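Engineer:
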Amino acid sequence: MASVQNLGALAGAPVEVPRELPAGWRWERLGRYSGNRSQSVDPAKAPDQEFELFSVPSFDVGSPERVSGRSIGSSKQFVSGGDVLLCKINPRINRVWVVGPSTGLLQIASTEWIRFPPNAEVLPEFLGHYLRLEQLRAFLAMNVSGVGGSLMRVKARTLADYPVPIPPLDIQRRIVARIDELFTELVDGEAALARARDDLETYRKSLLRSAFMGELTADWRAAHPTIETGQQLLQRILADRRNRWEADPKNRGKRFPLPAVPSALSEIPANWTTADLETLSVEPSRNGLSVKEATEPTEVRALRLNALSDGGVRWENHRFLPRRTDEVTQYTLRSGDLLVSRANGSPKLVGRCSLVLEPPVGMIFPDTIIRYRLGGDHVVWQWIALMWGAPPVRQQLLSLAKSTAGILKVSQGDIRRVGLPLPPHSEMAAAVALVSSCLEEANDGQSATELQAAHSGQLRQSILNAAFRGELVQ
């Protein structure tokens, strides 16, 4: 590649030039614009003073925190208006912050930011946009130290020789203005997509709530009077459970333990009944197997917790265990198993379920998951899985969840107290068909919005690439 003389940190050393630039532009090194080590400050020594803190968590909020010195537990660095901050942690996450004018408070930042102070040669906004390029993120990701996630960090010196195109200041101003103009249009479109996603989520919840209360099938129920009740369906499932229990030699001479019934739901139709997951299962519920992961592939695979999703089990999310298939038969999965997450830091994900249909051979479940081997047929299984995600069920479950060190947990005992509506089988089939059809349309809409959102992200990168090739403004 061609090169030009660098006037930066390594005087006289050439800058590797990736491509030719427009007339008047030049290549420099990012190290030219990174300042010396920032002045450190211990805010705890001024406990009553209020600071404007540019922390990593507050980046997602979009504005710095206003905090007193006594609430800050570690040393920080001084920053000021015009500084450009690049996050060291997990650099694949695009976190670049241009420090705005002071509001009258001392401005400080986490030491997890690499600081680029104001420089007469480059506008802070221009440099900030350049640091958001995906190519630079990929370069940083390949040059991190640490084991992963929040422990992955990039060092400031990694950027020292990275090339940056520098046009004249008047061109920089025009480029920044044009980028901001185009990004504003994208933000408006992204806001519309976010509203569409929220509307779809509201629709899903409303649909499941309507099915839970019997409102969705009210017209069907009026047009199809039936002599069967939900209670009769429940008795058939219980009879199947009892037959299986009595057929097990180890239960000979013992009394069949009837599952406890949760409190009756008051808002369901008269010919429906209330049941819980344990009652609707043909075998006792079971927690999964806790075994350390194997160092190489084996014949037994255990699902990871992130394998559970609203759309079913993601079988590719698994790990190998140092066990033989014949050693884990009690944990083997089969169609009709309902898997429920026991713990999660997110209220949205704790207690999440996935219905097992046609599992791969040799797949078992871990101790972070509870298995319910459901009775009945495919219609019953699908109804239970759908209702487990209905807002009235989620409300019951979250009221029972317990928090430990920021992690929400539910037990088999908690789940036994969650009431599920059980309609007659024929009405259940009609409801499952209606809900499935409506959810399929909603999922199509969700896929479309996600595709547009991804396209928006690609457009941002296209705009930035055009800008730094000199193609965005003339």
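In our numbering, the protein residues as written are 532 to 1005.
Beta carbons: idealized from backbone N, C-alpha and C, even for Gly.
Just so you know, these numbers come straight off a predicted model, no measurement behind them.
Can you list the beta strand (DSSP E) stretches of 3 or more residues lying completely in the segment 860-941, in chain order?
Structural biologist: For the segment 860-941, whole beta strand (DSSP E) runs of length 3 or above, ordered along the chain, are 868-872, 884-886, 900-904, 933-935, 938-940.
Engineer: Taking Cβ to Cβ, would you say G950 is nearer than 8 Å to P793?
Structural biologist: yes
Engineer: Just verifying my parser: in three-state terms, what is the DSSP assignment at I946?
Structural biologist: I946: helix per DSSP, three-state reduction.
Engineer: For the alpha helix (DSSP H) holding T856, just list the boundary residues, first then last.
Structural biologist: Premise fails: T856 is in no alpha helix (DSSP H) and is neither H nor E.
Engineer: So T805 is in the alpha helix (DSSP H); what residue range does that whole segment cover?
Structural biologist: From DSSP, T805 is part of no alpha helix (DSSP H) but of the beta strand (DSSP E) over 804-806.
Engineer: Touching or not, the segment 792-812 and the segment 755-769, by the rule of three or more beta carbon pairs under 8 Å?
Structural biologist: yes
Engineer: Would you be able to state if there are at least three C-beta pairs under 8 Å between the segment 764-776 and the segment 981-998?
Structural biologist: no
Engineer: What do you get for N537, buried or exposed, if any count of 16 or more other CB atoms within 10 angstroms of its CB means buried?
Structural biologist: Because N537 sits at a pLDDT of 32, beneath the cut-off of 50, its placement in the model cannot be relied upon, and the following sentence gives the value as read from the coordinates. Answer is buried; the Cβ neighbour count reaches 16.
Engineer: Let me check understanding here. Comparing Cα to Cα, which of F999, V1004, L1003 lies closest to L552?
Structural biologist: F999
Engineer: Kindly indicate which three-state DSSP category Q608 falls into: helix, strand or coil?
Structural biologist: strand
Engineer: Where does W644 fall in DSSP's three states?
Structural biologist: Of the three classes helix, strand and coil, the one that applies to W644 here is strand, per DSSP.
Engineer: Can you find the residues in the same chain that come closer than 7 Å, C-beta to C-beta, to G612, ignoring five residues on each side of it along the sequence?
Structural biologist: V630, G631, P632, S633
Engineer: Kindly list the residues whose CB is nearer than 7 Å to the CB of L928, restricted to its own chain and excluding five residues on each side of it in sequence; keep chain order.
Structural biologist: G882, V941, V949
Engineer: Checking 8 Å against the spacing of the C-beta atoms, do H849 and L834 come in under that value?
Structural biologist: With respect to the 8 Å criterion, H849 and L834 are classified as neighbours on the basis of their beta carbons.
Engineer: Less than 8 Å between the beta carbons of I900 and L864, yes or no?
Structural biologist: no
Engineer: Would you decide whether R855 is buried or exposed? Buried here means 16 or more other CB atoms lie within 10 Å of its CB.
Structural biologist: exposed
Engineer: Under the DSSP definition of a beta bridge, which residues are partnered with S558?
Structural biologist: Per the sequence shown, residue 558 should be read as Trp rather than Ser. For W558, which the question treats as bridged, DSSP gives the partners P696.
Engineer: Any idea what DSSP makes of R845, helix, strand or coil?
Structural biologist: coil
Engineer: Quick one: does S930 have its CB under 8 Å from some CB of chain D?
Structural biologist: You won't find chain D in this structure, because it holds only one protein chain.
Engineer: Could you check the C-alpha separation between G539 and A722 for me, to the nearest Å?
Structural biologist: Only weak support is given to the placement of G539: the predicted model assigns it a pLDDT of 34, under 50, and the value that follows is read from those uncertain coordinates. Their Cα atoms are separated by approximately 41 Å.
Engineer: If we call anything under 8 Å between Cβ atoms a contact, is L739 one with P922?
Structural biologist: Yes, Cβ-Cβ distance for L739 and P922 is below 8 Å.
Engineer: Checking the sheet assignment: what are the DSSP bridge partners for N650?
Structural biologist: V653
Engineer: Report all residues from its chain with a CB closer than 6 Å to the CB of V615; omit the five preceding and five following residues, and keep chain order.
Structural biologist: The residues are V629, F647, P655, L658, G659.
Engineer: If you drop the 5 nearest sequence neighbours on each side, which residues of the same chain put their C-beta closer than 7 Å to that of L541?
Structural biologist: Because the pLDDT at L541 is just 33, under 50, the model does not fix this residue reliably, and the value given afterwards should be weighed accordingly. Closer than 7 Å at Cβ, skipping near neighbours: no residue.
Engineer: Would you check if the distance between the CB atom of G843 and the CB atom of S885 is smaller than 8 Å?
Structural biologist: yes
Engineer: Applying the 10 Å Cβ sphere with the 16-neighbour rule, what's the burial state of V707?
Structural biologist: buried
Engineer: CA-CA distance, R663 and R904?
Structural biologist: 49 Å
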